[in-house]
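Asks: According to my numbering, the sequence shown holds residues 1 to 323 in order.
Using N, Cα and C, we set each Cβ at its ideal position, and we do this for glycine too.
The structure displayed is predicted, hence computed values, not measured ones.
Submitted below is the structure of interest, expressed as structure tokens.
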Amino acid sequence: MAEKLRQAKRFIITACGTSWHAGLVGEYLIESLARVPVEVEYASEFRYRNPIISPDDVVIAISQSGETADTLAAIREAKLKGATVIGMVNVVGSTIARETDAGVYLHAGPEIGVASTKAFTSQLCVLTQFALYLGRMRALSAEQGMAIAEELVNIPEHITRILDNVEPIKTIAKEYSRASNFLYLGRGVNFPAALEGALKLKEISYIHAEGYPAAEMKHGPIALIDENMPVVFIAPKDEIYEKVRSNIEEVRARNGRVIAIADEDDDRIADVATHVIRIPRTLPMLTPILASIPLQLLAYFIAVERGCNVDMPRNLAKSVTVE
Ligand code: M6R
């Protein structure tokens, strides 16, 4: 596969649901580390629109179950058109794992709850390593690559620290458990994290939630802001931090209540946000992995507060094998 990956002119990531959100993070990672164009497409759209695919394309299918009907159909379409297809799959020996030309197992272990959680964080870790691998075949220096790899190794410890301090998240969940709507906003690599946070809340608490890139707020969703619309911001100290801060101020100026997920050493965020959930400082490109933990916990505690069954939410199946 190495030569094929080195020669690839474009990567197309296809997936559904949470796995598609991971794909959006993957686009950011691969384009920034390997400088190769990446497209991300819902498998259900890809399979029906007669996509333009050339033999220089590598298609990446991401799936926890490895049995999702739309993703499976998308890889069959890609193979028919001559693309090389790689799987990033959790369930060993599943159909997608068997039908792809090569692949990487997520090794998250069996994921029992219907809402995808550890599969998502594992997908982000695998995508980071894959982007590093592609990057090192191209312009990424050994030194830059090592810095990212070393920080990736620190991620489990950072997550343990978040898990050791869940009380503030529980308190926030209690306060907002009766809300009817939520908005989730983030920018850059944290826009997909916002989408994923909103999906988790919808799935297990049945609260309507939408994710947007924070800057898109002013193009419509801002009309919804008032004291009854909690807004979750993912606001680590990256190169667009100041822009996100001003988005937070726009929400507060309209009486909106803001829950900010911010770096533990950010001593200015409490001036603008109503509540702050802290995450350890990491490399900006790895922040979606850390931010997704409090987002999952917030959805979890709100769902428990509302008396919902978090393991088996209504109307959902673990593997979506129907079209
Ligand atoms: O098994 P897959 O990753 O292919 O599943 C894709 C989606 O059905 C899945 O991520 C779904 O959105 C989950 N319920 C998310 O929690």
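Where does the unbroken beta strand (DSSP E) through residue 278 begin, and where does it stop?
Replies: Numbered from its first residue, the sequence shown carries residue 278 at position 278. Counting along the chain, the beta strand (DSSP E) containing residue 278 begins and ends at 275-279.
Asks: For residue 278 versus residue 264, is the C-beta distance shorter than 8 Å?
Replies: Here the question's residue 278 lines up with position 278 in the sequence shown. Here the question's residue 264 lines up with position 264 in the sequence shown. Closer than 8 Å, so yes.
Asks: Since I believe residue 158 is in contact with residue 280 (beta carbons under 8 Å), could you give me their beta-carbon distance rounded to a whole number of angstroms?
Replies: Taking the sequence shown and counting its residues from 1, the one referred to as residue 280 is at position 280. Taking the sequence shown and counting its residues from 1, the one referred to as residue 158 is at position 158. Residue 280 to residue 158, Cβ: 4 Å. Contact.
Asks: Within the present structure, is the beta-carbon of residue 307 separated from the nearest heavy atom of the ligand M6R by less than 7 Å?
Replies: Counting from one through the sequence shown, the residue named residue 307 turns up at place 307. Checking the Cβ of residue 307 against the ligand M6R gives no.
Asks: Could you tell me whether the Cβ atoms of residue 58 and residue 189 are closer together than 8 Å?
Replies: Walking along the sequence shown from the start, residue 58 turns up at place 58. Walking along the sequence shown from the start, residue 189 turns up at place 189. No, the Cβ-Cβ distance between residue 58 and residue 189 is not below 8 Å.
Asks: Can you name, in chain order, every residue of its own chain whose Cβ lies under 6 Å from the Cβ of residue 63, other than the five neighbours on each side?
Replies: The residue given as residue 63 occupies position 63 in the sequence shown. Contacts found: 19, 71, 89, 96.
Asks: Report the three-state DSSP secondary structure of residue 181 (helix, strand or coil).
Replies: Against the sequence shown, residue 181 aligns to sequence position 181. Looking at residue 181 - three-state DSSP - the assignment turns out to be strand.
Asks: Using a Cβ-Cβ cut-off of 6 Å (strictly less than) and excluding sequence neighbours within five positions of residue 326, which residues of its own chain qualify?
Replies: Residue 326 lies beyond the stretch modelled for the chain, which goes from 1 to 323, so this question has no answer here.
Asks: Distance check for residue 300 and residue 318, CA to CA, integer angstroms please.
Replies: Along the sequence shown, one-based indexing puts residue 318 at 318. Along the sequence shown, one-based indexing puts residue 300 at 300. Straight-line Cα distance between these residues: approximately 17 Å.
Asks: Kindly provide the ranges of any alpha helix (DSSP H) runs that are 4 or more residues long and lie completely inside the region 239-304, ordered along the chain.
Replies: If we require 4 residues or more, the alpha helix (DSSP H) runs fully inside the region 239-304 come out as 241-252.
Asks: Identify every residue that forms a DSSP beta bridge with residue 86.
Replies: Translated into the one-based positions of the sequence shown, residue 86 becomes position 86. Per DSSP, 60, 102.
Asks: Would you kindly work out how many angstroms separate the C-alpha atoms of residue 112 and residue 118, rounded to a whole number?
Replies: Within the sequence shown, the letter at position 112 stands for residue 112. Within the sequence shown, the letter at position 118 stands for residue 118. Looking at the two C-alpha atoms, the distance is approximately 10 Å.
Asks: Does the ligand M6R have a heavy atom nearer than 7 Å to the CB of residue 203?
Replies: If you number the sequence shown from 1, residue 203 lands on position 203. At least one heavy atom of the ligand M6R is nearer than 7 Å to the Cβ of residue 203, so yes.
Asks: So if I measure from each beta-carbon to every heavy atom of the ligand M6R and keep distances below 5 Å, which residues remain?
Replies: Having a Cβ closer than 5 Å to some heavy atom of the ligand M6R are 16, 17, 18, 19, 63, 64, 65, 68, 115, 116, 320.
Asks: Is the region 211-222 touching the region 301-317 in the sense that three or more CB pairs, one from each, lie closer than 8 Å?
Replies: In short, these stretches do not touch, since the Cβ pair count stays below three.
Asks: Nearest to residue 60 by CA position, among 220, 47, 40, 68, is which residue?
Replies: Walking along the sequence shown from the start, residue 60 turns up at place 60. Looking at the Cα atoms, 40 is the closest of the given residues.
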